[in-house]
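Undergrad: Per our numbering, the sequence shown runs over residues 307 to 373. Once you've had a glance at the structure underneath, I'll fire off some questions.
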Amino acid sequence: SDEWTIKEIYGSGASIQAKLLSPEGDEYRVREGTKLRDGKGTVVRITPSTVTIRAGSDTEDLDWSRT
Numbered sequence: 307s308d309e310w311t312i313k314e315i316y317g318s319g320a321s322i323q324a325k326l327l328s329p330e331g332d333e334y335r336v337r338e339g340t341k342l343r344d345g346k347g348t349v350v351r352i353t354p355s356t357v358t359i360r361a362g363s364d365t366e367d368l369d370w371s372r373t
C-alpha cells in the first residue's frame with residue numbers, strides 16, 4: 307500500500323500525538339504540523355480517533371493500521 311496508516315493515538319488536548327506507519331512499515335511519532343517523511347503531506351489535525359493530513363489542497367483522514 308502507498309498509504310500512511312494510524313498505529314496509535316495518545317495524549318490529549320494540546321499534547322495529543324500519534325504514531326503512524328509509513329507505506330514501508332516504519333513507525334513515526336507525529337503531532338499537528340509534522341511533515342510526513344516522504345513529503346506527501348502534513349499532519350493538520352489529530353483527534354482521539356482520527357489523524358488528518360493535507361497534501362496540496364486535499365485533506366484526508368488516515369485509516370487505522372490492521373497490523
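Glycine residues also receive a C-beta, built at the ideal position from the N, C-alpha and C atoms.
I need the straight-line Cα distance from P377 to G317, nearest angstrom please.
TA: Beyond the ends of the chain as shown, which are 307 and 373, falls residue 377; an answer cannot be given.
Undergrad: Assuming T311 is part of the beta strand (DSSP E), what are its boundary residues?
TA: Taking the first residue of the sequence shown as 1, we reach residue 311 at position 5. Here the beta strand (DSSP E) through T311 covers T311 to Y316.
Undergrad: Going by beta carbon distance, what residues of the same chain come within less than 6 Å of T348, once the five residues before and after it are set aside?
TA: Sequence index remark: in the sequence shown, residue 348 carries index 42 (1-based). Hits under 6 Å: K341 and R360.
Undergrad: Label V350 either buried or exposed according to how many other C-beta atoms from any shown protein chain fall within 10 Å of its C-beta, with 16 as the threshold for buried.
TA: Working through the sequence shown from its first residue, we reach residue 350 at position 44. Classification of V350: exposed, given that the 10 Å Cβ count is below 16.
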